[in-house]
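Peer 1:
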Amino acid sequence: MRMPICVLTPTQTRSKWTARAATGLAALLLISVNAFAQSSTTATIRGHVEDASGAVLPGATVTPTDTRTKAVTTAVTDERGQYLVTGLFPSGYDMKVELSGFKSYEQKGISLSPSDTRGVDVRLEVGQQSETVTVTGQTEVIQTETGAREGVLTARQIDNLSVIGRSSLELLRILPGVVTEFNQGESVSFGGGANNTQGYTVNGIRSSNNTVSLDGSSLIDIGSNSGVIVTLNNDMVQEVKVQSSNFAAEYGTGGMNVSGVTKS
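Under this note's numbering, the first residue of the sequence shown carries the number 350, and numbering increases by one thereafter.
(1) Go ahead and pull the three-state DSSP assignment for Thr416.
(2) Just tell me which of Arg505, Thr560, Asp470, Thr466 has its CA closest to the CA of Val405.
(3) Assign Gly542 to buried or exposed, taking buried as 16 or more other Cβ atoms, counted over all protein chains shown, within 10 Å of its Cβ.
(4) In the structure shown, what three-state DSSP assignment does Glu519 receive?
(5) Give me the DSSP bridge partner(s) of Met444.
(6) For the candidate residues Thr410, Arg417, Phe438, whose alpha-carbon lies nearest to that of Gln431?
(7) Span of the alpha helix (DSSP H) holding Asn606?
(8) Strictly by DSSP, which residues pair up with Ser594?
(9) If you reduce the DSSP assignment to three classes, tell me which class Gln387 lands in.
(10) Tell me whether Ala424 sits in a helix, a strand or coil according to DSSP, three-state version.
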């Protein structure tokens with residue numbers, strides 16, 4: 350008995366191809382959005398490891414530990430003695446570097462903000478691995494890895510400074526170069542107020558180009574290019590980072606970029 354042969358019409362073939370293309374495009378967009386969210390809320394530590402003579406040391410184990418959650422991330426230096434640790438959540442870190450034949454190296458108090466790229470170069474001393482050289486009490490590290498102009502609202506500032514509308518966005522006005530366009534605080538951004546992203550200008554740049562994201566998700570209404578009830582509640586926000594110029598192209602605008610991270 351012969352099986353019936355199913356022949357697709359040109360219209361059916363076209364519809365089937367369109368459905369597959371739409372599915373593939375949706376998957377690609379989802380991957381892109383997830384990658385952007387990850388990169389805009391996490392931080393990176395990179396650098397190189399060498400000995401006392403300046404010779405590079407491949408195979409060294411680099412281990413940053415989150416001082417708040419105790420989460421541990423591990424990387425190994427390559428043949429050029431370089432390492433790269435990505436996907437670190439904003440927090441304080443203690444970093445340890447170990448290699449057989451050398452004293453262990455530990456640096457405490459590395460502070461990371463959203464989308465930070467921090468360079469930490471390490472020089473190991475010859476000795477027993479059980480011996481440890483610990484670096485503490487360093488002054489705040491100057492950003493030399495990128496050319497971005499940045500300001501950070503820390504959890505302590507958010508908790509202790511007075512705000513009217515219960516939104517950490519109100520504290521933007523304490524940062525250098527930020528000018529507010531209103532004189533009163535309101536709780537929502539409809540028509541103005543402390544939570545209106547178009548209520549702030551930075552270094553003379555048009556406020557309509559400002560962007561705000563929370564945990565990597567944009568809070569901007571792309572239809573009107575302004576915030577819709579952008580309320581970064583003080584009690585839920587761990588840190589807010591403001592980039593006013595020279596930041597990465599992934600943010601896509603010429604105004605200031607505001608990245609908030611919630612407490613975990």
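Just so you know, even glycine gets a beta-carbon here, dropped at the ideal spot from N, CA and C.
Peer 2: Let's see:
(1) The answer is coil: DSSP assigns Thr416 none of H, G, I, E or B.
(2) Of the listed residues, the one whose Cα sits closest to Val405 is Asp470.
(3) Note that Gly542 has pLDDT 46, beneath the 50 cutoff, so the model's placement of it is unreliable and the number below is only indicative. Buried, since its Cβ has 16 or more Cβ neighbours within 10 Å.
(4) Glu519 falls in the helix class under three-state DSSP.
(5) For Met444, which the question treats as bridged, DSSP gives the partners Pro413, Gln456.
(6) Measuring from the Cα of Gln431, the nearest candidate turns out to be Thr410.
(7) Premise fails: Asn606 lies in the beta strand (DSSP E), 606-611, not in any alpha helix (DSSP H).
(8) In DSSP, Ser594 forms a bridge with Arg498.
(9) Legend: pLDDT at Gln387 = 44, less than 50; position of this residue unreliable, value from coordinates given subsequently. Correct three-state label for Gln387: helix.
(10) Ala424: strand per DSSP, three-state reduction.
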